[in-house]
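Worksheet: one structure, shown below.
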Amino acid sequence: MVGLSEGEKHFIRGGIAQDIRTDGRRRLQFRALSVETGVIPQANGSARVRLGATEIIASVKAELGKPSILHPDKGKVSIFVDCSPTAEPTFEGRGSEELSAELSVALQRCLLGGKSGAGAAIDLSSLIVVEGKVCWDLYIDGLVVSSDGNLLDALATAIKVALSDTGLPKVNVSLSAASDEEPEVDVSDEEFLQFDTSSVPVIITLTKVGRHYIVDATSEEESQMSSAVSVSVNRNGQICGLTKRGGAGLDPSVIFDMISVARHASQQFIALVDSQIAAAEADE
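The sequence shown finishes on residue 284 if you use full-length UniProt numbering, and the numbering steps up by one all the way, no holes.
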């Protein structure tokens, strides 16, 4: 991103202090959101999401696998993020790899409850076909096509929309008499079960600039932040995950206040996402 002059930095910080951001939004107001589904025909589910000038493509690929020994009653979900070098000049070279890894870990923490899947916001038990023997493995890929801030929230939104577009083939299982033998499975080419996204949260990142915090920060606004807290919240207002970035420490009372604000803002954003999903489905 092009460096800002001292005057531009002062203008951004002053506007946020007065609740009038450079693009005319208030501190807790989101940019325009648009979604498309079914953008990658060969995937089980896919979506393109634009949040302001930030654009993300997410895809979901489903394969039959075997549950882990530690979690025989759960399927598996893997999340990978790739930042296109053309999305932002700083993404060229190592910068893209480091940011991709950081975003992947943050999404894993906020949507899956960590690598183990414990406390997952995505219901992994719904991916079981035969407990301890057969499950669905979901491979979720997020591609940052264009970057203008708030990548984590935009990626989580694209994943939620792609999952709403995901159909898992119906599986008929023939269990053998011997319990140690692998069951025979027949995967349908015609019948599909829609993936349930009712428990899938959104991520709301509150970016602290000066004494105030804002939602859906642009790249310019992020350059002036002291820290940011990302909270994943479902439609029931439950907190599913939390991650922080930025070097400045935060008082616990400030973090609790930011969580409260994020929970409130999430309901507005979830309603916006749901309306866009419904509109995308109506256009198909």
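No residue lacks a Cβ here, since even glycine has one placed at the ideal position from N, Cα and C.
- Leaving aside the five residues that flank V171 on each side, the residues in its chain whose CB is nearer than 8 Å to its CB run, in chain order, L64, V129, V134, V185, D186, V187, S188.
- Straight-line spacing of the CA atoms in S104 and L242 works out to 14 Å.
- Under the rule that a run must span 3 or more residues, the beta strand (DSSP E) segments found entirely inside the stretch 138-175 read 167-174.
- In the structure shown, the three-state DSSP call for F91 is helix.
- In the three-state scheme derived from DSSP, where H, G and I count as helix and E and B as strand, D251 is classed as coil.
- Boundaries of the beta strand (DSSP E) harbouring K244: 239-245, taken from the DSSP string.
- Nearest neighbour of L168 by Cα position, chosen from A43, P183, S84, turns out to be A43.
- For E55, there is no enclosing alpha helix (DSSP H); the enclosing beta strand (DSSP E) covers residues 54-65.
- Around the beta carbon of I20, fewer than 16 other beta carbons lie within 10 angstroms, which makes this residue exposed.
- A residue is called buried once 16 or more other Cβ atoms fall within 10 Å of its Cβ, and G249, having fewer, is exposed.
- DSSP places A217 in no alpha helix (DSSP H); its state is neither H nor E.
- Selection F11, Q224, R31 evaluated against A53 yields R31 as nearest (Cα-Cα).
- The continuous beta strand (DSSP E) containing G45 extends over residues 45-51.
- Where I16 is concerned, the enclosing alpha helix (DSSP H) starts and stops at 6-17.
- A162 is not a Cβ neighbour of S275, given a cutoff of 8 Å.
- Taking the Cα positions, F269 is about 8 Å away from V202.
- In this chain, the beta strand (DSSP E) harbouring A228 covers 227-233.
- In the displayed model, F192 falls within a strand according to three-state DSSP.
- The beta carbon of E6 sits closer than 8 Å to none of the beta carbons in its chain outside the five residues before and after it.
- Using a C-beta cut-off of 8 Å, the stretch 250-260 makes no contact with the stretch 139-155, since fewer than three inter-stretch Cβ pairs fall below that distance.
- The alpha-carbon separation between L193 and K61 amounts to approximately 14 Å.
- The three-state reading of DSSP puts I128 in strand, counting E and B together.
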